[in-house]
Amino acid sequence: MSYSKNEWSNGFTADVTITNTGSGTINGWTLAWSFPGGQQITNSWNATVSQSGSSVTARNVSYNGSLAPGATTSFGFQGTYSGGNPNPSAFSLNGSACTTG
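Residues 1025 to 1125 in our numbering are what the sequence shown lists, from first letter to last.
Set out below in structure tokens:
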């Protein structure tokens, strides 16, 4: 998966791309991560995103839940921060740690 952001004074947008690097189809996905800097999500698109403290969970929507091997899907969100806006940490896809790149 990849994570990229565009930030301005106390706000940012982020784009996240998930790639199925496995040999089987993923039918329904949940990506979880932690924000290390107190960021708060205010809006999202192409995923249902919820946040509790620093923990964030993004779930597929009806049209992007199935990922064949090698397939990708993307979603994004907008958020706010104060101080710094470090990248998220501890990404997991469907409960398993995933690589970022």
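Idealized CB from N, CA, C, for every residue including glycine.
Are residue i and residue j close, meaning C-beta to C-beta below 8 Å?
i, j, result
"Asn1030", "Phe1036", "yes"
"Asn1109", "Tyr1027", "no"
"Ala1071", "Val1085", "yes"
"Ser1074", "Thr1081", "yes"
"Ser1113", "Trp1057", "yes"
Within a Cβ cutoff of 6 Å, which residues of the same chain sit near residue i, ignoring the five residues on either side of it in sequence?
i, result
"Asn1051", "Ser1090"
"Ser1068", "Phe1101"
"Ser1078", "Ser1058, Phe1059"
Which residues does DSSP pair with residue i in a beta bridge?
i, result
"Asn1067", "Gln1102"
"Gly1035", "Trp1032, Thr1104"
"Thr1041", "Ser1026, Ser1098"
"Asn1051", "Ser1090"
"Ala1121", "Ser1116"
"Ser1058", "Ser1079, Ser1113"
"Val1073", "Ala1082"
Please work out which residues of its chain come closer than 7 Å, Cβ to Cβ, to residue i, disregarding the five sequence neighbours upstream and downstream, and give them in chain order.
i, result
"Ser1047", "Pro1093"
"Phe1099", "Val1040, Ser1068, Trp1069, Asn1070, Ala1071, Ala1082"
"Gly1125", "Ser1026"
"Cys1122", "Met1025, Phe1115, Ser1116"
"Thr1097", "Ile1042, Asn1088, Leu1091"
"Asn1034", "Thr1104, Tyr1105, Ser1106"
Quick one: any contact between the segment 1104 to 1118 and the segment 1055 to 1064, if contact means 3 or more CB pairs under 8 Å?
yes
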